[in-house]
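Q:
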Amino acid sequence: MNYPEFTSEHKSLMSKHLSKEIFDKLKTKQTSNNYTLQMAINSGLKNPDSGIGIYAGDKESYELYQDLFDPIIKEYHNFNTNDKHQSNLNVNDLKAPLLKDADDFIISTRIRVGRNLDQMPLGPSISDKQRNEIENIVSSSLNKLEGDLKGKYFSLNNLSKEDRDSLIKDHFLFKEGDRFLEAASLNNSWPENRGIFHNVNKTFLVWINEEDQLRIISMQKGGDIKEVFERLINAIKFLEKSMSFSFSSHLGYITSCPTNLGTAMRASVHIKLPKLANDMNKFENICDKYFLQIRGINGEHSESEGGIYDISNKRRLGVSEVQCVQDMYDGVKALIEVEKSL
Ligand code: ADP
Ligand code: IOM
Numbered sequence: 244m245n246y247p248e249f250t251s252e253h254k255s256l257m258s259k260h261l262s263k264e265i266f267d268k269l270k271t272k273q274t275s276n277n278y279t280l281q282m283a284i285n286s287g288l289k290n291p292d293s294g295i296g297i298y299a300g301d302k303e304s305y306e307l308y309q310d311l312f313d314p315i316i317k318e319y320h321n322f323n324t325n326d327k328h329q330s331n332l333n334v335n336d337l338k339a340p341l342l343k344d345a346d347d348f349i350i351s352t353r354i355r356v357g358r359n360l361d362q363m364p365l366g367p368s369i370s371d372k373q374r375n376e377i378e379n380i381v382s383s384s385l386n387k388l389e390g391d392l393k394g395k396y397f398s399l400n401n402l403s404k405e406d407r408d409s410l411i412k413d414h415f416l417f418k419e420g421d422r423f424l425e426a427a428s429l430n431n432s433w434p435e436n437r438g439i440f441h442n443v444n445k446t447f448l449v450w451i452n453e454e455d456q457l458r459i460i461s462m463q464k465g466g467d468i469k470e471v472f473e474r475l476i477n478a479i480k481f482l483e484k485s486m487s488f489s490f491s492s493h494l495g496y497i498t499s500c501p502t503n504l505g506t507a508m509r510a511s512v513h514i515k516l517p518k519l520a521n522d523m524n525k526f527e528n529i530c531d532k533y534f535l536q537i538r539g540i541n542g543e544h545s546e547s548e549g550g551i552y553d554i555s556n557k558r559r560l561g562v563s564e565v566q567c568v569q570d571m572y573d574g575v576k577a578l579i580e581v582e583k584s585l
């Protein structure tokens, strides 16, 4: 492979940080799972509008291709090569009383973490057999849940097209045919061994074998952020009893996309901010101040509709889970104050 010809269309952090010198140093390496630099950067090359444009195929990728991953991690998370990650899953440390008038603005709250099994390579380099094993391990553990979290696992193959579409439309299920994941080999053998577990009222969900092997999700209508966080913590603790997740003291939970390293947490609200939407400069400045990211109404790479936005924490590495949720809560509180004043 020759050094890629990046054009002004390439917006990703990968295209920004992949110099010819780094490329030449890394281009012939491969991890013990045969994951190469070419595989890692394919998504960003095929999709110039990628935000990051690079995926790890295994934990080892973050070490072997460190010359490229580290500056990307530094820029996205403000996290240095020798820094240590920290975790805090104590809900009592979160300062998030119900916001006044929250339900006039917040439509729903969702907090998810990504996880990958310790003994497996990451999604971009797992085999069909390993994907099948992961589905069996995770779904059989989830099927043992009792109480509020009790539910059922549905493999994509056993869901009708109609049911799949309606789960996607209602924001419960990952979308199909994502071109970023496709180019990262994350959609290989689609839809085999992918699926969703959910409890009866769909406040607790787990996606299996999408961008990460598990996306553990707690969500509900309205703005009770603490309740959503508490449910998520209970679910994580339950799963940790029967499986061990890939983790390092430096990078925290290991995920296929470097944006998710650390806590792998995205705490978000769907929120109506039609007045702020008319002044995107002001909107973005508040989001930057509180370390927030703005997404559209159908998740990453989608547009807003009707002045409704998906607002979430941007920092995930080097800050604890409590801090991720606190960032979102503090920022959302500030956004609501400004929206009310306009
Ligand atoms: P992820 O959150 O796992 O990074 P996406 O950004 O693609 O992935 O979002 C996945 C789905 O979750 C999308 O349908 C998105 O609209 C939905 N979603 C995200 N935040 C919320 C929320 N606060 N309330 C309801 N749905 C949400
Ligand atoms: N997490 C991942 N889907 N995303 C950051 C892709 C990208 O835009 O590069």
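Read in order, the letters of the sequence shown are residues 244 to 585 in this note's numbering.
The C-beta atom is built at its ideal place from N, Cα and C for all residues, glycine as well.
1) Closer than 6 Å from C-beta to any heavy atom of the ligand IOM: which residues, in chain order?
2) Which residue from I529, L424, L457 and G550 puts its Cα closest to that of E543?
3) What are the boundary residues of the beta strand (DSSP E) that includes H253?
4) Find the nearest neighbour of I326 within the set K317, L516 and Q362, judged by alpha-carbon distance.
5) Quick one: which unbroken beta strand (DSSP E) runs of 3-plus residues sit fully inside the segment 426 to 454? Chain order, please.
6) Is S513 close to the ligand ADP? I mean its beta-carbon at under 6 Å from any heavy atom of the ligand.
7) How many angstroms separate the CA atom of Y308 from the CA atom of D267?
8) Within the segment 540 to 580, note down every full beta strand (DSSP E) run reaching 3 residues or more, in order along the chain.
9) Within 6 Å: the Cβ of H414 and any heavy atom of the ligand ADP?
10) Whole angstroms is fine: what's the gap from I295's alpha carbon to M257's?
11) Near I284, what residues of its chain come up, given a Cβ to Cβ distance below 6 Å and the 5 sequence neighbours on each side ignored?
12) Can you give me the C-alpha to C-alpha distance between C530 and S545, rounded to a whole angstrom?
13) Can you name, in chain order, every residue of its own chain whose Cβ lies under 7 Å from the Cβ of D303, other than the five neighbours on each side?
14) When you compare only the Cα positions, how much space is there between M486 and N375?
15) What are the start and end residues of the alpha helix (DSSP H) that includes F397?
16) Indicate whether K515 and I551 have their beta-carbon atoms separated by less than 7 Å.
17) Rounded to the nearest angstrom, what separates N335 and N477 at their Cα positions?
18) Pull up the distance between the alpha-carbon of K412 and that of S330, whole angstroms please.
19) When you compare the CB positions of F488 and R358, do they come within less than 7 Å of one another, or not?
20) So, are the CB atoms of L504 and L519 less than 7 Å apart?
21) Using only alpha-carbon positions, find the residue among K469, G465, K480 and N444 that is nearest to I459.
22) Tell me which same chain residues have a C-beta within less than 7 Å of the C-beta of L591, skipping the five on either side of it?
23) Mapping the DSSP letters down to three states, classify G495 as helix, strand or coil.
24) What's the C-alpha gap between K289 and A426?
25) Please state if the CB of R353 and the CB of M462 are separated by a distance shorter than 7 Å.
26) Given this structure, state the Cα-to-Cα distance separating D421 from E435, to the nearest angstrom.
27) Please classify L519: does DSSP put it in a helix, a strand, or coil?
28) Would DSSP call M486 helix, strand or coil?
29) In this structure, does DSSP put H414 in helix, strand or coil?
30) Determine the extent of the alpha helix (DSSP H) in which V381 is found, giving its start and end residues.
A: According to the structure data:
1) S255, S293, G294, I295, G296, F423, E454, C500, T502 and E543
2) L424
3) No beta strand (DSSP E) contains H253, which DSSP labels as neither H nor E.
4) According to the sequence provided, residue 326 is Asp. The question's Ile does not apply to it. Answer by Cα proximity: K317.
5) 438 to 442 and 447 to 451
6) The identity of residue 513 in the sequence shown is His, whereas the question assumes Ser. H513 Cβ: within cutoff of the ligand ADP.
7) 12 Å
8) 551 to 556
9) Yes, Cβ of H414 sits closer than 6 Å to a heavy atom of the ligand ADP.
10) 6 Å
11) Excluding residues within five positions, the ones whose Cβ falls inside 6 Å are M257 and I297.
12) 18 Å
13) The sequence shown places Glu at residue 303, not Asp. Only T274 and S275 meet the Cβ criterion.
14) 16 Å
15) F397 -> not in any alpha helix (DSSP H); beta strand (DSSP E) instead, spanning G394 to S398.
16) yes
17) 13 Å
18) 33 Å
19) The answer is yes: Cβ separation under 7 Å.
20) no
21) K480
22) Limits of the chain in this structure are 244 at one end and 585 at the other, which puts residue 591 out of reach.
23) strand
24) 7 Å
25) With contacts defined as CB atoms closer than 7 Å, M462 and R353 qualify as a contacting pair.
26) 16 Å
27) helix
28) coil
29) coil
30) D371 to L385
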